[in-house]
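Residue numbers (this note's numbering): -16 to 280. Backbone N, C-alpha and C define an ideal beta-carbon position, used for all residues, glycine too.
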């Protein structure tokens, strides 16, 4: 190994620096180990503290679970007691309600039965009263019918009596007219005169319409004319399913049938006129008797 004198300064410096570095490294390793040891100790302490804390927490959790279990058990027991008491109260209330409901239902049923009996009695009474009223009504109707029949029989008897009297009066009137006509004719034959006989004058009479009938007929004809002027004849004929000529012909026939005609001479008037001419002819003995009487006058 070389001596210190043989080593130069640079080598010495280098050696010193290496020695210092090794010393620092050793010191660093020592501090590092001390720190690692300290950290291991701290870590162990922390682990032990954590394990203790976790164990304590687990114990607390177990105690809490046990307490919760006990609380749940007590609560369950209390709930069961309350449920049992509630069910008992419910059953008691239900029994009381059922008893009240049954009593009310029985009362309602009895009331309904009584009401039905009352209604049945009322219906029977109403039916009886209705039957009595109907019987009274039928009796009144029978009495009224009997009275009407009696009145009808009396009316018929009186009508027959009046008809018989009218027939007698008519027969008497006809007989008196016949006798009067015969007397007039005999008197005329015995003493002819220019005044015509009553029977001749009466035979020439004709029924003449009254003024009101003529005015009503005039009003009807005027309204028919206005209606005819206002209506559409082709359209009305088409609606009636007729031709225009047929429709106009029907209107004309209807108007002709409803027209009021004046009195017209009949064949009897002609025969009376011819008889009068024959009586006034020179060959008639009556006319000659009349002429002779007028000549003597």
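Taking residue i as the reference, which of the options has the closest Cα?
i	options	result
residue 239	163, 207, 219, 125	207
residue 243	192, 227, 217	192
residue 237	204, 159, 29	204
Taking the straight line between their C-alpha atoms, what separation do you get for residue i and residue j?
i	j	result
residue 162	residue 143	28 Å
residue 241	residue 225	22 Å
residue -8	residue 2	15 Å
residue 18	residue 26	12 Å
residue 108	residue 94	20 Å
residue 202	residue 122	54 Å
residue 66	residue 54	17 Å
residue 59	residue 35	35 Å
residue 171	residue 199	45 Å
residue 134	residue 151	25 Å
residue 88	residue 75	19 Å
residue 126	residue 104	32 Å
residue 153	residue 167	20 Å
residue 115	residue 106	14 Å
residue 13	residue 48	50 Å
residue 64	residue 51	19 Å
residue 79	residue 98	28 Å
residue 149	residue 211	49 Å
residue 112	residue 100	18 Å
residue 20	residue -1	30 Å
residue 10	residue 4	10 Å
residue 132	residue 169	53 Å
residue 32	residue 42	15 Å
residue 30	residue 57	39 Å
residue 223	residue 110	59 Å
By the three-class DSSP mapping on this structure, what secondary structure does residue i have?
i	result
residue 129	helix
residue 63	helix
residue 214	coil
residue 16	helix
residue 155	helix
residue 193	coil
residue -9	coil
residue 224	coil
residue 174	coil
residue 257	In this prediction, residue 257 scores a pLDDT of 49, lower than 50, which makes its location untrustworthy; no coordinate-derived value is stated.
residue 0	helix
If I follow the unbroken alpha helix (DSSP H) through residue i, where does it start and stop?
i	result
residue 237	227 to 241
residue 244	No alpha helix (DSSP H) holds residue 244; DSSP gives it neither H nor E.
Distance cutoff 8 Å, beta carbons only. Does residue i sit that close to anything in chain D?
i	result
residue 48	In summary, chain D is missing from the structure at hand, where a single protein chain is found.
My parser needs the alpha helix (DSSP H) runs of 4 or more residues fully inside the region 20 to 56; what are they? Runs of the alpha helix (DSSP H) lying entirely within the region 20 to 56, each at least 4 residues long, are absent.
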